[in-house]
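Everything below concerns the one structure shown next.
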Amino acid sequence: WKSLTGLHIDYLLSHSHFPTVIPVVILLLSTVNLLDSKASQGELGWISYPSHGWEEISGVDEHYTPIRTFQVCNVMEYSQNNWLRTNWIPRQSAKKIYVELKFTLRDCNSIPLVLGTCKETFNLLYLETDEDQGIRFREHQFSKIDTIAADESFTQMDLGDRILKLNTEVREVGPVTKKGFYLAFQDVGACVALVSVRVYFKMCPFIVRNLASFPDTVPMDSHSLVEVKGLCVNHSKEQEPPRMYCSTEGEWLVPIGKCLCNVGYEERGSSCQGKTTIVHFYSFQHQFPSLLDVWSGWRKPYNSSVICIFKEFVGWVRGVTIVFSGMVSNTSNTWFDAIPFAPFQKDRASRNSISLSWLEPERPNGIILDYEVKYYEKQEQETSYTILRSKGCNVTLSGLKADTSYLLQIRARTAAGYGASSRSFEFETSPDSFSISSESSQVVLIAISTAAAIILLTVLLYIVIGRFCGYRRSKHPDEKRLHFGNGHLRLPGIRTYVDPHTYEDPSQAVHEFAKELDASCIAIDKVVGAGEFGEVCSGRLRLPSKKENCVAIKTLKAGYTDKQRRDFLSEASIMGQFDHPNIIRLEGVVTRSKPVMIVTEYMENGSLDSFLRKHDAQFTGIQLVGMLRGIASGMKYLSDMGYVHRDLAARNILVNSNLVCKVSDFGLSRVLEDDPEAAYTTRGGKIPIRWTAPEAISYRKFTSASDAWSYGIVLWEVMSYGERPYWEMSNQDVIKAVDEGYRLPPPMDCPATLYQLMLDCWQKERNNRPKFEQIVSILDKLIRNPGSLKITANTSPRPANLLLDRSSSEVVQSLGTMGDWLDNVRTLPCKEAFSGVSYSSCDTLPKTSAEDLKKVGVTIVGPQKNIVSSIKALESHSKNAPVPV
1 WKSLTGLHID YLLSHSHFPT VIPVVILLLS TVNLLDSKAS QGELGWISYP SHGWEEISGV
61 DEHYTPIRTF QVCNVMEYSQ NNWLRTNWIP RQSAKKIYVE LKFTLRDCNS IPLVLGTCKE
121 TFNLLYLETD EDQGIRFREH QFSKIDTIAA DESFTQMDLG DRILKLNTEV REVGPVTKKG
181 FYLAFQDVGA CVALVSVRVY FKMCPFIVRN LASFPDTVPM DSHSLVEVKG LCVNHSKEQE
241 PPRMYCSTEG EWLVPIGKCL CNVGYEERGS SCQGKTTIVH FYSFQHQFPS LLDVWSGWRK
301 PYNSSVICIF KEFVGWVRGV TIVFSGMVSN TSNTWFDAIP FAPFQKDRAS RNSISLSWLE
361 PERPNGIILD YEVKYYEKQE QETSYTILRS KGCNVTLSGL KADTSYLLQI RARTAAGYGA
421 SSRSFEFETS PDSFSISSES SQVVLIAIST AAAIILLTVL LYIVIGRFCG YRRSKHPDEK
481 RLHFGNGHLR LPGIRTYVDP HTYEDPSQAV HEFAKELDAS CIAIDKVVGA GEFGEVCSGR
541 LRLPSKKENC VAIKTLKAGY TDKQRRDFLS EASIMGQFDH PNIIRLEGVV TRSKPVMIVT
601 EYMENGSLDS FLRKHDAQFT GIQLVGMLRG IASGMKYLSD MGYVHRDLAA RNILVNSNLV
661 CKVSDFGLSR VLEDDPEAAY TTRGGKIPIR WTAPEAISYR KFTSASDAWS YGIVLWEVMS
721 YGERPYWEMS NQDVIKAVDE GYRLPPPMDC PATLYQLMLD CWQKERNNRP KFEQIVSILD
781 KLIRNPGSLK ITANTSPRPA NLLLDRSSSE VVQSLGTMGD WLDNVRTLPC KEAFSGVSYS
841 SCDTLPKTSA EDLKKVGVTI VGPQKNIVSS IKALESHSKN APVPV
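Going by the UniProt record's numbering, the letters in the sequence shown line up with residues 1 to 885, in that order.
Right, here's the structure in full:
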């Protein structure tokens, strides 16, 4: 660092202006540190090999706290291979570990007069052992975790301004099985400072939920949840076996089942404690000595406290009534005051509802707070029932089956608790939808007349508006929607998307576009993952008069804010407007009870990217084109409605058991802030760089044309069976390469027609990209003519990528020396690969293999294929022969 900048690293650290947004690590209970280099005040004592490579130095962080850092910068020398190894780290109970690195890295282009080989990456490796190996060190024993690159590197100008750009990268390793492990950092010629290293694992901490305790639990791996059975707390017993799931993020998900306190105990917080018993003394023309005589004959139940309430009334009834809430006395001088109910009276009935009323009990135990009404189908024998609560002595039951017998019971609640339930009362719904009691027939006739008048006025209004809009459309053909106040009036025959955020109250959009479901109709079977706002579950939905079907359920976690609730339900407001076989179907929402839920159809095969990786090379070309056609059809529907998806990617496509692909994840433009595939671009937030069109990255210009670019990336993902676009290139490198004209090469055995479609979708000028209607038409032609899929892009006369458009033919014509070709290769993402390689002429190029490329530092499969393809294209042009497969 001194030789390059004249400044010490500790001076830089103590006088630097760190980025405006500092990554803050909050150590939650679910995170357990195994190593934190910033916590050490003395020397860390890590092994450096060779000794003149990595150097341990002292510094201070952004808060002027002393820290120990490591730096290396030997870019003036060739063939660097500097290793830094940590001390032995016991893994404790971890099964998967996370490594968080904070580092700075200098841009090679800003270093003057580099004599050696400068890199902008370093390698992270690890070694598992059952014991500390001391100072013994063998390079070949270590396994590589990843190549670490900086999203932001600093330059000489940054040093002059004392601006240090800090990068944070997190990698996971697992499963780990031995007692401990080492981490190692390999430098192959970079100018890098390792500011801090933190190693940790995640754990679901001890918790008590629904009176059941769940122990500390360590997640198993990245893809599964751990089911944990709970143990009932003291003085309680199981009502339904309690269990929860421990997620890979160290969070407890969806509690199922619960425990109940034993008799004589009540729930207080997370434990069962002795019940507080309320004793009411009602005195009717009686003296208190007599009450005390009665009290002296009663014994307080074991382990309970007593609150005595004395009330005196003047009346003609003689005697004393003592009521004990929640227990039974052991003396004959006390008794419960029963709450008998008069027979129910059926006020009104139809085929799907019935109204009932009853008389208030004659001798209630105090003021009645409310009534609990429980009813169920007679044939179900109380296996499935519904409970309603009413403040008054009447209730209307709705959503019933026609011509069906129901049983009903009722009980009252006072300050002393619930009284005994009434006898069962049986009633039947009417088979005739117009079977109404005579006393309400007049009201119904008025309602029918009013409805008919409203319908007639509506028809007339539509005729007037239709004519007016027809006149307006002749002047403004692009106008598709009229606005009246806060609402939206859609013209007949035209379906347009309505942004729920245009409503003054966004929750109004939920009720307009999504069906409200009764939570009792939903049964959660298991947790399958965690979403942005809560858990994602699979379950069953059973609506009245419909068969039970499987559904996916997104829940909103407890403790949410009003904004989180609105953002969570906005996806349902959007999804509820769509009706297409290739768009995920919304079943409904639950907003009037907790937890708040979004219920959609269940897609058995999950996300498309993971499904393809799981079934690599197992589908025919026609099957893949069929999947792509479904996605394009869904996107055409969205485009026609005026909806821009913004995050079209294989991870956001769901697949059912029939291989039907459906577009999902709507309204994510507000969720992208936490998307791991995203990167900062402008003040507008984060966007998924690898899937996003250049104009959307630079100017946040999102249109159906930018969705078409994303569709091209999805097409590439499908044909490569879920490979990561642009492989391990950093987001900054992707932006730069795409801007310079680089395009992804064709996947292995990709049909030439599909690769051409990809290139068309990746046109820099967005107006030149195909519309989704055209994409559907192209794919339909391929399905009708399967033979066209047999010609692969590798044998197509068209170059392998757009870079070769100007390299393969032009290079052949102008290629004078090996250096010219190397300069051309520098436009590829591996531009430093051939530096220092002893190739002297083009005659040696055709002999280059993938192994040769690995030796010079090109370790990523994608760029390897790209260079080999470029070499073969060069050879074929020089011989005027077809490009070999």
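For glycine and all other residues, C-beta sits at the position ideal for the given N, C-alpha and C.
Separation of residue j from residue i, as counted between CA atoms
i	j	result
V596	S196	41 angstroms
F619	F611	12 angstroms
Q141	D562	53 angstroms
H52	D132	24 angstroms
R646	A402	46 angstroms
T31	L628	41 angstroms
D525	W88	43 angstroms
Y64	A617	55 angstroms
P50	E77	14 angstroms
Q577	A650	22 angstroms
P112	F185	26 angstroms
R106	S520	60 angstroms
E428	S405	4 angstroms
E504	K781	46 angstroms
Q756	A514	40 angstroms
S153	L84	21 angstroms
G626	R565	37 angstroms
L654	P500	24 angstroms
G264	S353	40 angstroms
A793	V176	42 angstroms
S639	Y711	13 angstroms
I446	M641	40 angstroms
Cβ-based burial, residue i [other Cβ within 10 Å; buried from 16]
i	result
N167	buried
T396	exposed
D567	buried
V459	exposed
H235	buried
K275	buried
A530	buried
residue 914	Residue 914 lies beyond the residue range present for the chain, which begins at 1 and ends at 885; the question has no answer from this structure.
S433	Because the pLDDT at S433 is just 43, under 50, the model does not fix this residue reliably, and the value given afterwards should be weighed accordingly. With fewer than 16 Cβ atoms within 10 Å of its Cβ, S433 is classed as exposed.
E360	exposed
E516	exposed
A415	exposed
N785	exposed
DSSP state of residue i mapped onto helix, strand, coil
i	result
R389	strand
R85	strand
P786	helix
C118	coil
C204	strand
Y721	coil
F772	helix
F568	helix
G485	Reliability of the predicted coordinates at G485 is poor, the pLDDT of 31 falling under 50, and the value obtained from them is presented with this limitation in mind. Coil at G485, not helix or strand.
C750	coil
S143	strand
F578	coil
Residues that DSSP places opposite residue i in a beta bridge
i	result
C272	E267
G588	V599
G529	V536
M244	V228
I148	F122
G180	P90 and T129
I583	V663
Any C-beta of chain B under 7 angstroms from that of residue i
i	result
T155	As a matter of chain content, chain B is missing from the structure shown, which is built from one protein chain.
Given 8 angstroms as the limit, is there contact between the stretch 580-596 and the stretch 655-668, that is, 3 or more CB pairs closer than that?
-> Flag = yes, the stretch 580-596 and the stretch 655-668 touch.
Decide if the stretch 517-537 is in contact with the stretch 547-559; the criterion is three or more beta carbon pairs, one per stretch, under 8 angstroms apart.
-> Result yes; three or more Cβ-Cβ pairs closer than 8 angstroms.
Any contact of the stretch 732-741 with the stretch 705-712, i.e. 3+ C-beta pairs under 8 angstroms?
-> Touching, no, given that fewer than three Cβ pairs across the two stretches are closer than 8 angstroms.
Stretch pair the stretch 776-792 + the stretch 629-643: three plus CB contacts closer than 8 angstroms = The stretch 629-643 and the stretch 776-792 touch, with three or more beta-carbon pairs separated by less than 8 angstroms.
On the three-pair Cβ rule with 8 angstroms, is the stretch 63-72 touching the stretch 179-196?
-> Short answer: they touch.
Contact the stretch 723-735 vs the stretch 143-156: 3+ CB pairs below 8 angstroms | Three or more beta-carbon pairs separated by less than 8 angstroms link the stretch 723-735 to the stretch 143-156, which places the two stretches in contact.
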